[in-house]
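J.:
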Amino acid sequence: MKLYYYCSSCKKENSFNTKASNRFELQEERGNHINDRCNHCGTQVKRRVNRVHAKPDIKIISVGLLLGIISTIFLWNLGWIATLTFSIPILAFSYANQQASNFNKVMVDDK
Numbered sequence: 199m200k201l202y203y204y205c206s207s208c209k210k211e212n213s214f215n216t217k218a219s220n221r222f223e224l225q226e227e228r229g230n231h232i233n234d235r236c237n238h239c240g241t242q243v244k245r246r247v248n249r250v251h252a253k254p255d256i257k258i259i260s261v262g263l264l265l266g267i268i269s270t271i272f273l274w275n276l277g278w279i280a281t282l283t284f285s286i287p288i289l290a291f292s293y294a295n296q297q298a299s300n301f302n303k304v305m306v307d308d309k
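Encoded structure:
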């Protein structure tokens, strides 16, 4: 999942990858604060875990689109083209969006 935060100096969005699926796991992995360097201005940024937000990962959506195209090629003669071609990318987007939504819903207390 890709997580984002804003730089306090230049107000631009920065991102980082993590395997944490919620803020509790992120807090265990990185502590109460995310210490990182801004990709745009180079300022050292210290953000609380609750100030980080998730967005759907484009890689999952791209894989769903690719599977939809491949299934179209193999199922062209069966007549199931529209159902599978449109449902696979929609399911992939729905899954990625649900993961990001679940991450953003829960806040953690400071330890």
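Residue numbers (this note's numbering): 199 to 309.
Yeah, the Cβ is synthetic: ideal placement off N, Cα and C, and Gly gets one too.
I need the DSSP call for Val261, collapsed to helix, strand or coil.
T.: It is helical.
J.: Opposite Phe214 in the DSSP bridges: which residues?
T.: Beta-bridge pairing links Phe214 to Leu201.
J.: Can you list, in chain order, the residues of its chain with a C-beta nearer than 6 Å to that of Glu227? Leave out the 5 residues immediately preceding and following it.
T.: So the qualifying residues of the chain are Ala218.
J.: Quick check: what's the CA-CA separation for Thr241 versus Ser269?
T.: Straight-line Cα distance between these residues: approximately 47 Å.
J.: Report all residues from its chain with a CB closer than 7 Å to the CB of Asn237; omit the five preceding and five following residues, and keep chain order.
T.: Excluding positions up to five away in sequence, the list reads Asn212.
J.: Going by the CB atoms, is the gap between Tyr293 and His251 shorter than 8 Å?
T.: Not closer than 8 Å, so no.
J.: What residues are listed by DSSP as bridge partners for Asn233?
T.: Lys244, per the DSSP bridge assignment.
J.: So what does His251 bridge to, in DSSP terms?
T.: Looking at the DSSP assignment, His251 forms a beta bridge with Tyr202.
J.: Of all the options Pro287, Ile256, Asn230, Asn295, which has the alpha carbon lying nearest to the alpha carbon of Lys244?
T.: The residue with the shortest Cα to Cα distance from Lys244 is Asn230.
J.: DSSP three-state call for Ser207: helix, strand or coil?
T.: In this structure, Ser207 counts as coil in the three-state DSSP scheme.
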